[in-house]
Amino acid sequence: MSLTADRATPEDILAVLRGVIDPELGANIVELGMVPKTSLGDDGIAHVTIALTTMGCPLRAQIKKDIVGRVDQLPGVEKVKINWTELEQGEKAEVMARARKRVAENPPDNEVSPSTRVVMIASGKGGVGKSSVTVNLAAAIANQGFTVGVLDADIWGYSVPRMIGVEGRLAGSETGDGAKIKPNQRRIGKGRVKVVSMGFLVDQEETALMWRGLILNRAVQHFLEDVRWGDMDYLLIDMPPGTGDVQMGLAKMLPQAEMIIVTTPTLAAQKVAARAASMGRKNYLRIAGVIENMSAFVTPDGESYPIFGSGGGQNLADDLKVPLLGKIPIDTAVAEGGDVGQPTALGDGPASDEINRIADLLVTEVTPPIDMGTCTVRLMEAPVSINLSS
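Below is the structure:
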């Protein structure tokens, strides 16, 4: 697919729809044969026909959000219109057989459940507070009662363990399919966080890792394949800055992932952050939104001073055609909390208020937790005899 073209083709639409995963079947809707037709009209309206196993599928709203979020970002698309249909009985049986065949021939590549919302927190450059945003969003979401995994994929610049207040070596656990690593955990409010970081594998926090790209990518793959993540509502990934091997590897290993781009108000940070979004889209990931960090300094009496300028986050969001999720102000409590392992999202202050507002927006509208319904799971239990070799 060429994202530099003026208009997307039907093949381009199908390509991005391969990132829409049916959570119950663990495969993308194109592979399952649920997308019989796509087109893009001269008026900029993309028409997508989706054939569901049942029209009453409770996952329909989630599938719609994922489809619109991905197709709407293609060149030439002004609006997405979905035509919902229902598979015929024979077609349902074929979809189930295709799913069973895929499971048998392609065991899961990693330990992240299809029912987990995967959100990559990315930036184009270092120093914009991406790790701080990741940790505080994880704490805020967990505080609402969710189970949140945090993968510290910034192998060189690992900082999550200290910032989130979790320490100790990673321990193994014997399971039916061999030894797996257990994430370190911390209870937060009604929920908990599960954390995996290179910081749990080195003897000292100051240890420098002088690894090349392919070794870094293998380390992240190890964190996905060999960690017993278990049930999670969310997995937040603190991405390394830039668009290198680790970023591209994660995009391929987690095609269902969505990205949130972190920038500061400065023009330079905005332009570099756009590269991270470009990398995500070229790997068919949905860009869920932009967060502007270090937005302004807010005094105790409420006065705001835009020390690093203003408008960078909104400009980036407008350029990417995605929402600006929030603007986190400069607040000394963020740095102080990160130093002692007490995320500022769990306290008071202007930064805490904005982080918790963004977390509420994520869990209610932007990336709500996946509600596993009964669209197809019962069909999976029924025997079928479909020949897929023809």
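Numbering-wise (my numbering), the sequence shown opens with residue 875 and increments by one. Glycine included, every Cβ here is placed at the ideal spot set by N, Cα and C. If you're wondering where the values come from, they're calculated on a predicted model, not measured in any experiment.
Exercise for review: Mark T1206 as exposed unless 16 or more other C-beta atoms lie within 10 angstroms of its C-beta, in which case mark it buried.
Suggested key: Walking along the sequence shown from the start, residue 1206 turns up at place 332. Exposed, since its Cβ has fewer than 16 Cβ neighbours within 10 Å.
Report buried or exposed for I1202, applying the criterion of at least 16 other Cβ atoms within 10 angstroms of its Cβ. Numbered from 1 along the sequence shown, position 328 holds the residue referred to as residue 1202. Per the 10 Å Cβ criterion, buried.
Is the segment 1178-1198 touching the segment 982-991, taking contact as three or more C-beta pairs under 8 Å? no
Query raised in the report: Are there 16 or more other CB atoms within 10 angstroms of the CB of I919, so buried, or fewer, so exposed?
Result: For this step, residue 919 is matched to residue 45 along the sequence shown. Under this definition I919 is an exposed residue.
Notebook entry, point to check: When DSSP labels each residue in this structure, what does M1168 get in the three-state scheme?
Noted result: What you label residue 1168 is simply residue 294 of the sequence shown in a count that begins at 1. It is coil, neither helix nor strand.
* Count the C-beta pairs between the segment 1131-1139 and the segment 906-913 that are closer than 8 Å, then say yes if the count reaches three, no if not. => no
Within 10 angstroms of its Cβ, does I1204 collect 16 or more other Cβ (buried), or is it exposed?
For this step, residue 1204 is matched to residue 330 along the sequence shown. By the neighbour-count rule (16 or more Cβ atoms within 10 Å), I1204 is buried.
- Can the beta-carbon of V1270 be found closer than 9 Å to that of V1070? Only positions 875 to 1264 of the chain appear in the structure, and residue 1270 is not among them; the question remains open.
Taking the alpha carbon of T959 as the reference point, which residue from G930, Q936, L948 has its own alpha carbon closest? Your numbering for residue 959 matches position 85 in the sequence shown. For T959, the nearest C-alpha among the options comes from G930.
Kindly indicate which three-state DSSP category D1026 falls into: helix, strand or coil? Counted from its first residue, the sequence shown places residue 1026 at position 152. Strand, per DSSP.
Point to revise | Cβ neighbour criterion (16 or more within 10 Å) applied to E1228 | key: Counting from 1 along the sequence shown, the entry for residue 1228 is found at position 354. That one is buried.
* Asked: Under the DSSP definition of a beta bridge, which residues are partnered with E960?
  -> Residue numbering aside, residue 960 sits at position 86 when the sequence shown is read from its first letter. For E960, which the question treats as bridged, DSSP gives the partners L926.
Can you tell me where the beta strand (DSSP E) holding A996 begins and where it ends? Translated into positions along the sequence shown, residue 996 becomes position 122. Its beta strand (DSSP E) spans residues 991-996.
Fill in: Span of the beta strand (DSSP E), counted from its first residue to its last, around T912
For this step, residue 912 is matched to residue 38 along the sequence shown. 911-914 is the span of the beta strand (DSSP E), which, as asked, contains T912.
* **Option nearest G1000 by Cα separation, candidates M1113, D1245, K939** => Translated into positions along the sequence shown, residue 1000 becomes position 126. Of the candidates M1113, D1245, K939, the one whose C-alpha sits nearest the C-alpha of G1000 is M1113.
Have a look at the DSSP bridge pairing and note the partners of T1021.
-> Position 147 of the sequence shown, counted from the first residue, corresponds to residue 1021. Per DSSP, R1066.
Can you find the residues in the same chain that come closer than 8 Å, C-beta to C-beta, to V1240, ignoring five residues on each side of it along the sequence? If you number the sequence shown from 1, residue 1240 lands on position 366. Around V1240: A1162, G1163, P1197, L1199.
- Going by other Cβ atoms of all chains shown within 10 Å of its Cβ, with 16 needed for buried, is K953 buried or exposed? Here residue 953 refers to the residue found at position 79 when the sequence shown is read from its first residue. Its Cβ having fewer than 16 others within 10 Å, K953 is exposed.
Could you say if the segment 961-975 and the segment 924-938 meet the contact criterion of at least three C-beta pairs nearer than 8 Å?
yes
For M1084, which three-state DSSP category applies? Against the sequence shown, residue 1084 aligns to sequence position 210. Reliability of the predicted coordinates at M1084 is poor, the pLDDT of 47 falling under 50, and the value obtained from them is presented with this limitation in mind. Three-state DSSP puts M1084 in coil, outside helix and strand.
Next item on the list: Classify H1038 as helix, strand or coil using the three-state DSSP reduction.
Entry: Here the question's residue 1038 lines up with position 164 in the sequence shown. Inspection of the sequence shows that residue 1038 is occupied by Ile rather than by His. Helix, per DSSP.
Next on the checklist: Going by C-alpha to C-alpha distance, which of A882, K938, P932, A1209 sits closest to G950?
Outcome noted: Residue numbering aside, residue 950 sits at position 76 when the sequence shown is read from its first letter. When only C-alpha atoms are compared, the closest one is A882.
I'd like to know whether the C-beta atoms of G1123 and Q1095 end up nearer to each other than 9 Å.
Counted from its first residue, the sequence shown places residue 1123 at position 249. Counted from its first residue, the sequence shown places residue 1095 at position 221. Cβ distance < 9 Å, so G1123 and Q1095 count as in contact.
At least three beta-carbon pairs within less than 8 Å, the segment 1147-1157 to the segment 1165-1177 | no
Identify, in the order they occur along the chain, each residue of the same chain with its Cβ nearer than 6 Å to the Cβ of A1233, setting aside the five sequence neighbours on each side. As a working mapping, residue 1233 is identified with position 359 in the sequence shown. Closer than 6 Å at the Cβ level, and outside the excluded window around A1233, lie L1011, A1014, I1015.
Quiz item: For T1285, does the three-state DSSP call read helix, strand or coil?
Solution: The requested residue 1285 does not occur in the structure, where the chain is confined to residues 875 to 1264.
Look at G1042 and N1017 and say whether their C-beta atoms are less than 9 Å apart. Within the sequence shown, numbered from 1, the residue matching residue 1042 stands at position 168. Within the sequence shown, numbered from 1, the residue matching residue 1017 stands at position 143. Cβ distance not < 9 Å, so G1042 and N1017 don't count as in contact.
**Prompt:** Using the C-alpha atoms, what's the distance from Y1032 back to K955?
**Reply:** Indexing the sequence shown from 1 puts residue 955 at position 81. Indexing the sequence shown from 1 puts residue 1032 at position 158. K955 and Y1032: Cα-Cα distance of roughly 42 Å.
message: Pull the bridge partners of A1014 from the DSSP assignment, please.
response: What you label residue 1014 is simply residue 140 of the sequence shown in a count that begins at 1. In DSSP, A1014 forms no bridge with anything.
- Taking the DSSP output, what are the residues bridged to L1236? Reading the sequence shown from its first residue, position 362 is the one you call residue 1236. Paired residue(s): none; L1236 is not in a bridge.
### Message
According to DSSP, simplified to helix, strand and coil, what is S987?
### Response
As a position in the sequence shown, residue 987 is number 113, starting the count at 1. DSSP places S987 in coil when its eight states are reduced to three.
Item checked: Separation of P1224 from G1215, as counted between CA atoms -> As a first step, residue 1215 is located in the sequence shown; it is residue number 341 there, counting from the start. As a first step, residue 1224 is located in the sequence shown; it is residue number 350 there, counting from the start. One C-alpha to the other measures close to 19 Å.
Exercise. Can you give me the start and stop residues for the alpha helix (DSSP H) that G1187 sits inside?
Key: Here residue 1187 corresponds to residue number 313 of the sequence shown, with the count starting at 1. Per DSSP, G1187 belongs to the alpha helix (DSSP H) from 1186-1194.
- request: Kindly indicate the opening and closing residues of the beta strand (DSSP E) around D1112.
  value: Here residue 1112 refers to the residue found at position 238 of the sequence shown. Here the beta strand (DSSP E) through D1112 covers 1108-1112.
Beta-bridge pairing of Y1179 - partner residues as DSSP gives them
Here residue 1179 refers to the residue found at position 305 of the sequence shown. Answer is F1171.
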